[in-house]
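First up is the structure itself, then whatever we jot down about it.
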Amino acid sequence: MYSLPIASLIAISVITLWIRSIINGYYSKSVSKDNAFLIWLFGGVQSLACLIMITFIFLISGGLKTVSPFTLVMGLLMGCVNIINVYTNMKAISKGPFSYTTVIINLSTIVTALSGLLFFDESISAIQLVGIVLMTVCIFLSTEKKDDEQAKKANTIWLMLTLIATVTSGATGVIQKAHQTSSFANEIPAILMICFGISVVFSIIMAFVQKDREEIKIKRNTTKIFLMPIISGAFFAFPHSINIYLSGKMPAVIFFPLINFLPMVLTMVMGIILFKEKLTKKQWTGIAFGMASMILLSGLF
């Protein structure tokens, strides 16, 4: 797979990540609806499907060769980050506007851009600093003033979940970059299998912990509950396999904004069409600032 041109790999990553985002958004809005058990179950089944697909991809391209202690630790760390990211991402979507949630989470590129400055000897230009400021404006404009205390609390919870999902999404990119700039960069199959292996185990355990606390109607939605995470996980295997490879081939300040921006725009448009969301002028302005932020952070100017 890695013998393909970089442009082809990016195209595959963007398309599969977009499809996965739409599936996750639909599940969060229409199936789980803030039900913790169903969200954890989705995460577990999705991770299992992703693990199986990744194993298949690498078996036909050479298989698993070595597993160093460094890769083991990084895989476990990425798995823990992935667990938090999937849960907070889906919780945030279930509580707030899908389109705006998508924009903020994709601003995780700021985390990878800063990591490039701090850990990988990459620089940040004045234009990219402007992008950071615009990102702050985007987040500020995301919330609406609510007179009702309960509505205020719900809005705050949504924003906190979204920001946690943003940070963990960026942290995943940092871990990928750290692994691919090390002497163990050829151990991609191992780090991904460890990551999704730990995600499967923890998510399924949490699903059973939450099972008795939630009112669940599984029989009526069995197909959606299990089929959607399987499809999502199968698609998710491709961007994970590709992005970790490309993170070691391209500067973080260029690669991550590029790989986040295109799926973000496609997902946002589909989200508005699919869920018929009506955003306020303030929120539309925030989305515009967010998109401008990602363009400036890309380092192309």
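Numbering (this note's numbering), first residue to last: 9 to 309.
Just so you know, even glycine gets a beta-carbon here, dropped at the ideal spot from N, CA and C.
Relative to the C-alpha of residue 34, which residue among 62, 139 and 275 is closest? 275
Below 8 Å on the Cβ atoms is my guess for residue 53 versus residue 46; work out the distance and round it to an integer in Å. At roughly 10 Å, the Cβ-Cβ gap does not stay under 8 Å, so residue 53 and residue 46 are not in contact.
Euclidean distance between Cα positions of residue 108 and residue 167: 10 Å
How long is the line joining the alpha carbons of residue 101 and residue 88, rounded to whole angstroms? 20 Å
Status (buried if at least 16 other CB within 10 Å, exposed otherwise) for residue 268: buried
Measure the alpha-carbon distance for residue 296 versus residue 302 and round it to whole angstroms. 10 Å
Could you give the first and the last residue of the continuous alpha helix (DSSP H) run that contains residue 230? 230-254
Hey, how far is the Cα of residue 189 from the Cα of residue 137? 25 Å
Would you mind working out which of 123, 42, 169 and 77 sits nearest residue 92, comparing C-alpha positions? 169
Look up residue 210 in the DSSP assignment and say whether it is helix, strand or coil. helix
Residue interval of the alpha helix (DSSP H) (run including residue 108): 106-113
Is it the case that the Cβ atoms of residue 32 and residue 82 are separated by a distance below 8 Å? no
According to DSSP, simplified to helix, strand and coil, what is residue 76? coil
Three-state secondary structure (DSSP) of residue 103: helix
By the 10 Å Cβ neighbour count, where 16 or more other Cβ atoms means buried, how is residue 251 classified, buried or exposed? buried
Reduced DSSP category for residue 149 - H, G, I as helix; E, B as strand; rest coil: coil
Could you tell me whether the region 200-219 touches the region 10-24, where touching means 3 or more Cβ pairs closer than 8 Å? no
Validate contact between the region 114-126 and the region 48-62 using beta carbons, cut 8 Å, 3 pairs: no
Hey, out of 247, 245 and 212, whose CA is closest to residue 234's CA? 212
By Cβ distance below 7 Å, which residues in the same chain neighbour residue 27 in space, the five residues on each side in sequence not counted? 243
So, using beta-carbon positions, are residue 115 and residue 143 closer together than 8 Å? yes
Classify residue 68 as helix, strand or coil using the three-state DSSP reduction. coil
Exposed unless 16 or more other CB atoms sit within 10 angstroms - verdict on residue 29: buried
Using CA atoms only, rank isn't needed, just tell me which of 139, 11 and 171 is closest to residue 300. 139
Anyone know if the C-beta pair for residue 247 and residue 110 falls short of 8 Å? no
Alpha carbon to alpha carbon, how far is residue 43 from residue 78? Give it in angstroms, no decimals. 36 Å
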